[in-house]
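Novice:
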Amino acid sequence: MKQEKLIQPGVHYPLGFTFSFPCYQEGLASARLTSWTKGFTCAGVVKEDVVKMLQKAIDEKNINVQCVALVNDTVGTLMACAHKKPHTSIGLILGTGTNACYMETLDRIGTWNGDYEEPKQVIINMEWGAFGNNKRLNHVRTRYDEEVDLSSVNPGKQIFEKMISGMYMGEIVRLIILDLMQQDLLFIGQCDNYGDYKTPLFTRGGFYTKFVSTVETDEG
1298 MKQEKLIQPG VHYPLGFTFS FPCYQEGLAS ARLTSWTKGF TCAGVVKEDV
1348 VKMLQKAIDE KNINVQCVAL VNDTVGTLMA CAHKKPHTSI GLILGTGTNA
1398 CYMETLDRIG TWNGDYEEPK QVIINMEWGA FGNNKRLNHV RTRYDEEVDL
1448 SSVNPGKQIF EKMISGMYMG EIVRLIILDL MQQDLLFIGQ CDNYGDYKTP
1498 LFTRGGFYTK FVSTVETDEG
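Given below as structure tokens:
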């Protein structure tokens, strides 16, 4: 900001904070982290107000920036689209992790404790990456999904996210490839050529999700 001459004495620049983790939002610029997802972990943050923590770090650097709002990335996606298409009602993230949000009427929100004046709608952050934490997806999970979950930093959490998102897809495919090789259904007769089996294919996390995209788009 100094390089671009955006720091002026007495001027505070408003900051919108996109935070892509489950939070209990207590206000427009106040939210407490409920849990880490997408393989992230950092001590001393869960249950703390992440806006206050960010603002404290900003103030320590003597930067004239004030965090005025926090939104989940799904909400930011919905709002960005609604800026041009006002009837937008769903926001969806399919990336490193996955999540969705949607517009809901206030009379359907049992936990709403605000006013009921216009607009009578609220955006619901679904945190659907956690679907399946209650074992409701066990009937569609494979042994590959289970192995990815057990080897993660948060076993038993974010089950749906681990089944479809970018952070885990490469590892799922790697496990499937190894299984097919062991059954002599893929790369038949080639197993002896892998030496000490220390190549990325035999290393957890060694097969990146981008390789799946490369294979999928290969027209050769």
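Position in the sequence shown counted from 1, then plus 1297, gives you my numbering. For glycine and all other residues, C-beta sits at the position ideal for the given N, C-alpha and C. All values derive from a computational prediction rather than experimental measurement.
1) Would you check if the region 1343-1351 and the region 1322-1330 touch, i.e. whether three or more CB-CB distances between them fall below 8 Å?
2) I want to know whether the region 1360-1376 touches the region 1392-1406 - three or more CB-CB distances under 8 Å.
3) By Cβ distance below 8 Å, which residues in the same chain neighbour C1339 in space, the five residues on each side in sequence not counted?
4) Along the chain, where does the alpha helix (DSSP H) containing Q1352 start, and where does it finish?
5) What residue range is occupied by the uninterrupted alpha helix (DSSP H) comprising E1444?
6) Could you check which residue in R1471, T1439 and C1378 has the C-alpha nearest to that of V1503?
7) In this structure, how does DSSP classify F1499 when only helix, strand and coil are distinguished?
8) Could you tell me which of D1476, G1307 and F1318 sits nearest to G1394, measuring between CA atoms?
9) Relative to the alpha-carbon of F1337, which residue among C1378, N1451 and L1434 has its alpha-carbon at the smallest distance?
10) According to DSSP, simplified to helix, strand and coil, what is M1423?
11) When the distance is taken between beta carbons, is K1459 closer than 8 Å to D1476?
12) Classify V1308 as buried or exposed, calling it buried when 16 or more other Cβ atoms lie within 10 Å of its own Cβ.
13) Whole angstroms are fine: how far does the CA of G1388 sit from the CA of K1381?
14) Using CA atoms only, rank isn't needed, just tell me which of E1443, Y1310, E1516 and L1482 is closest to A1366.
15) If distances are taken between C-alpha atoms only, which option among E1357, V1342, V1368 and F1314 comes closest to I1420?
16) On the CB-based measure, 16 or more other CB atoms within 10 Å of its CB, does N1422 come out buried or exposed?
17) Select from G1467, S1448 and E1443 the residue whose C-alpha is nearest the C-alpha of F1457.
18) Buried or exposed: where does S1448 fall if 16 or more other Cβ atoms within 10 Å of its Cβ makes it buried?
19) Does the Cβ of K1335 have 16 or more other Cβ atoms within 10 Å, making it buried, or fewer, making it exposed?
20) Using only alpha-carbon positions, find the residue among M1466, D1356, R1329 and K1353 that is nearest to V1343.
21) Please classify Y1413 as buried or exposed, where buried requires at least 16 neighbouring CB atoms within 10 angstroms.
22) In the DSSP assignment, find the beta strand (DSSP E) that holds A1377 and state where it starts and stops.
Specialist: Quick look at the numbers:
1) yes
2) yes
3) W1333
4) V1347 to E1357
5) R1440 to L1447
6) The sequence as given places Gly at residue 1503; Val does not occur at that position. Among R1471, T1439 and C1378, the Cα nearest to that of G1503 is on R1471.
7) helix
8) F1318
9) N1451
10) coil
11) no
12) V1308 should be labelled exposed.
13) If I take the Cα positions, the gap works out to 14 Å.
14) The residue with the shortest Cα to Cα distance from A1366 is Y1310.
15) Out of E1357, V1342, V1368 and F1314, V1368 has the C-alpha closest to the C-alpha of I1420.
16) Around the CB of N1422, 16 or more other CB atoms lie within 10 Å, so the residue is classed as buried.
17) E1443
18) Classification for S1448: exposed.
19) buried
20) R1329
21) Of the residues assessed, Y1413 falls on the exposed side of the cut-off, its CB having fewer than 16 other CB atoms within 10 angstroms.
22) For A1377, there is no enclosing beta strand (DSSP E); the enclosing alpha helix (DSSP H) covers residues D1370 to A1379.
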